[in-house]
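Visitor: Let me give you the structure first, and then I'll get to my questions.
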Amino acid sequence: MSVLISLPLIRHEAAVLLRLTGPLVLAQLSQTAMGFVDTIMAGRCSAVDLAAVAVGSSIFFPVYLFLIGLLSAVTPLVAQAHGRSDGPAARAAIRQGMAIGLVTGLLLMPVLWAMRPFMVWMGVDAEVIPITDRFLFAISWGLPLGGLFFALKGGGDGLAKPRLSMIAGFIGLAVNIIANYLLIYGKLGLPALGGVGCGWATSLSILAMLVVLAVLLDKSRIDSTNDLFALTGTAKQAAGTIAFLRLGVPLGLALFIECSIFTIIALFIAKLGAQVVAAHQIALNFASQLYMLPYSLAMALTVRVGFTIGRRRPARLHRVVRTGLGLALTGSVCTCLLVALFAHEIAEFYSPDPAVQTLAATLLVFAAIFQLPDAMQVNCGGILRGCKDTRVPLMLMLLAYWGIGLPLGYGLGLARLGGLEPGPQGFWIGLICALATAAVLLGLRVRVMLRRLTGQGATAGRP
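Just so you know, we're using the numbering used here here: the sequence shown kicks off at 1 and counts up by one.
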């Protein structure tokens, strides 16, 4: 009888999660598609420009993801406040995020300007470095704009209004495509900037998304967004900054740790030549497009878990977690099969070079296996964010990525561990092992948090 009762409840929970996930997937698609457009358009320009965009993106995105992770603290804070029907607390969290995002983005800009010595030290091709350097300068202007945008996005998502960021994202994508066309190839009298044009186009698209989302939130009738852009009450908001940073900094560092391993691998691979870099970038870029599916579900889980904790309903919390992880596993099996079956066709779509196609198709098979542990670890992380548990997951991810994945990848990819010839395949094996370790460790942490929250909410909880 309990099973018959639980199945309709699980179906209901799955429907709620999918309704949240749909707009989040589309919003994420619009943002990840910018990297896809950059890769395709720079690749049609030249192999050197594609390599420069690949190396530059590998340096930029860990910094950008730290900013995104820091501001993802807005979502659970707003979601739990929304669950308690506490509009002022939700509004304060969004405004704190905006201030912190702007300041942090400005402070991070000089980090990208100073990357040339690092690229030289890592042995990046001398022909690629000057283009990459100019690309990083151009794209750095998107950091403070992104800080503001992701604070507003986290607020809208936490209020279960992901359609707002979806609309902003697609407008930003349109701006990115047009700006890439104009700046890469030098249309309408503009100079042909090649791969550097991708950097300026990305900054312009982030500005467009920020303006659109700010207007949508300002015009919305959501109680928590009233007077969102007023300058009053800033002293009171400053008092909560330390609490915000305690939650957000581990999230930012966790995303940085996760992405930085890809950066280090890309820089190691850069020593192996432009064709290897291009093949690796193809596999990684396509995997990044698919990543939006489990990541969007993880964001929906953060919102749903946070809201349920705010409502103090422990039985429902267990259903949310079980349903979300079941959806994540099902989706990852589908994407794994998709990539494995169509690896050669995907590689041909990205590049006309037969040598690049062959190597990229091989790496895409590794990317297919990559889907399964990646989906589970990112969704366990989403659940823990909704619980406002960030410090222990940070340490677990540090162990998985830097303690296991990177040393193993370097050993297999460059140091001939196990007799393998130097190449990118060894690094992908290391990545898969890192993700599998993270999935297991974060899954165990989810169990600990559920037991703890169930005990705390037992007396007040309702199903």
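Note that CB positions come from ideal geometry on N, CA and C, so glycine has one too.
Being a predicted model, the structure only gives us computed values, none of them experimental.
Would you call the segment 165-182 and the segment 22-41 touching, i.e. three or more CB-CB distances under 8 Å?
Guide: Yes: at least three Cβ pairs fall under 8 Å.
Visitor: In the DSSP assignment, find the alpha helix (DSSP H) that holds residue 422 and state where it starts and stops.
Guide: Position 422 of the sequence shown, counted from the first residue, corresponds to residue 422. Neither: residue 422 is in no alpha helix (DSSP H) and is coded neither H nor E.
Visitor: In angstroms with no decimal places, state the Cα-to-Cα distance between residue 2 and residue 16.
Guide: The count along the sequence shown starts at 1 and reaches residue 2 at position 2. The count along the sequence shown starts at 1 and reaches residue 16 at position 16. Note that residue 2 scores 43 on pLDDT, short of 50, meaning its location in the model is unreliable; the coordinates nonetheless yield the value given after this. When rounded, the distance between both Cα atoms is 21 Å.
Visitor: Could you check whether residue 43 and residue 57 sit closer than 9 Å to each other, using their CB atoms as the reference points?
Guide: The count along the sequence shown starts at 1 and reaches residue 57 at position 57. The count along the sequence shown starts at 1 and reaches residue 43 at position 43. No. Outside cutoff.
Visitor: Below 7 Å CB to CB, which residues in the same chain sit around residue 397 once its five sequence neighbours on both sides are set aside?
Guide: As a first step, residue 397 must be located in the sequence shown, where it is residue number 397. Contacts found: 254, 257, 258, 438.
Visitor: Between which two residues does the alpha helix (DSSP H) harbouring residue 13 extend?
Guide: The residue you call residue 13 lines up with position 13 of the sequence shown. 2-45 is the span of the alpha helix (DSSP H), which, as asked, contains residue 13.
Visitor: Alpha carbon to alpha carbon, what distance is there between residue 129 and residue 120?
Guide: Taking the sequence shown and counting its residues from 1, one reaches residue 120 at position 120. Taking the sequence shown and counting its residues from 1, one reaches residue 129 at position 129. The alpha-carbon atoms of residue 120 and residue 129 are separated by roughly 8 Å.
Visitor: With 16 other CB atoms within 10 Å as the buried threshold, where does residue 409 fall?
Guide: Looking up residue 409 in the sequence shown gives position 409. Buried, because 16 or more other Cβ atoms sit within 10 Å of the Cβ of residue 409.
Visitor: Leaving aside the five residues before and after residue 336 along the sequence, list all residues of the same chain whose C-beta is less than 8 Å from its C-beta, in chain order.
Guide: For the purposes of this step, residue 336 is taken as the residue at position 336 of the sequence shown. Excluding positions up to five away in sequence, the list reads 368, 369, 371, 372.
Visitor: Run through DSSP, which three-state label would residue 387 get?
Guide: Numbered from 1 along the sequence shown, position 387 holds the residue referred to as residue 387. Residue state, collapsed to three classes: coil.
Visitor: Should residue 184 be labelled buried (16 or more other beta-carbon atoms within 10 Å of its own) or exposed?
Guide: Start at 1 with the first residue of the sequence shown, and residue 184 comes out as number 184. With 16 or more other Cβ atoms within 10 Å, it is buried.
Visitor: Is there contact here, the segment 238-248 with the segment 417-429, by at least three beta-carbon pairs under 8 Å?
Guide: Because the criterion of three Cβ pairs below 8 Å is not met, the segment 238-248 and the segment 417-429 do not touch.
Visitor: To which residues of the same chain is residue 252 closer than 6 Å at the C-beta, ignoring the five residues directly before and after it?
Guide: Within the sequence shown, numbered from 1, the residue matching residue 252 stands at position 252. Closer than 6 Å at Cβ, skipping near neighbours: 66, 69, 70.
Visitor: Can you tell me where the alpha helix (DSSP H) holding residue 351 begins and where it ends?
Guide: Within the sequence shown, numbered from 1, the residue matching residue 351 stands at position 351. Premise fails: residue 351 is in no alpha helix (DSSP H) and is neither H nor E.
Visitor: Between the segment 372-381 and the segment 290-310, are three or more C-beta pairs nearer than 8 Å?
Guide: Result yes; three or more Cβ-Cβ pairs closer than 8 Å.
Visitor: Do you know how far the Cα of residue 444 is from the Cα of residue 4?
Guide: Here residue 4 corresponds to residue number 4 of the sequence shown, with the count starting at 1. Here residue 444 corresponds to residue number 444 of the sequence shown, with the count starting at 1. Annotation note: pLDDT 44 at residue 4 (below 50); position unreliable, coordinate value reported separately. One C-alpha to the other measures close to 28 Å.
Visitor: Given a cut-off of 9 Å, decide if residue 195 and residue 52 are closer than it, judged by their beta-carbon atoms.
Guide: Position 52 of the sequence shown holds residue 52. Position 195 of the sequence shown holds residue 195. Cβ atoms of residue 52 and residue 195: closer than 9 Å.
Visitor: Sorted by chain position, which residues of the same chain lie with C-beta nearer than 7 Å to residue 96's C-beta, five sequence neighbours on each side aside?
Guide: Within the sequence shown, residue 96 is the residue found at index 96, counting from 1. 237, 240, 241, 244.
Visitor: Is the distance from the Cβ of residue 123 to the Cβ of residue 340 below 9 Å?
Guide: Against the sequence shown, residue 123 aligns to sequence position 123. Against the sequence shown, residue 340 aligns to sequence position 340. For residue 123 and residue 340, no; Cβs fall outside 9 Å.
Visitor: Return the Cβ separation of residue 144 and residue 302 in integer angstroms, given the expectation that the two are a contact with Cβ distance under 8 Å.
Guide: In the sequence shown, residue 144 corresponds to position 144, counting from 1. In the sequence shown, residue 302 corresponds to position 302, counting from 1. No, residue 144 and residue 302 are not in contact; Cβ-Cβ is about 24 Å, not under 8 Å.
Visitor: Which residue's Cα is closest to the Cα of residue 359: 212, 98, 275?
Guide: Taking the sequence shown and counting its residues from 1, the one referred to as residue 359 is at position 359. Nearest option by C-alpha distance: 275.
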